[in-house]
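In my numbering, the protein residues as written are 31 to 170.
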Amino acid sequence: MENVQKPAGILPLVFSALALAGVIVLFVLKFTGGTASPAGLSVPAANGKGHTIAYINTDTLLSNYELVKELSDQLKNKSGAMESQLMGRQKELDKEIEYFQKSVQNKSLSEQSAQEIYQQLMAKQQGIAEQKESFQQEMA
């Protein structure tokens, strides 16, 4: 029987948010004529003109910006809901499998009905696996 794994963490979303924030900062600096932060470093280029390197304090982004906090909370809630839904379906399937196994051991099912129930249980297990994969792709 397949164990239910947790959907992918919030790390990809956080990195995406950070990358987006960095692109926005660079875009604003480029088109407003602003300069980089005082911590910027001027590097001489081969043609004699300097290039500026900007630093982004990701810890500040993560701790102080409400959008990152909201997105992180939304992702945690969605991940938790998906996980609990999968775990609920898996527990239900486990109970059905246990009941089926007891029925087969007690020989209270005909061979044909046992095969039909087995096929139904396998279809449910396949559905859970597909849903798990779908959740993982959605969270990636």
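Here a beta-carbon is modelled for each residue, glycine too, at the ideal position from N, C-alpha and C.
Spanning the alpha carbons of Glu-146 and Lys-137 requires a straight line of approximately 15 Å. In the three-state reduction of the DSSP assignment, Ile-147 falls in the helix class. Close CB contacts of Glu-126 within its chain, under the 7 Å cut and outside five residues either way in sequence, are with Leu-151 (chain order). Per DSSP, reduced to three states, the secondary structure at Ile-54 is helical. For Val-53, the closest C-alpha among the options Tyr-85, Asp-103, Gln-149, Ile-40 is that of Tyr-85. Annotated three-state conformation of Ile-83 is strand, per DSSP. In the assembly as shown, Met-112 is a buried residue. Its beta-carbon has 16 or more other beta-carbons within 10 Å.
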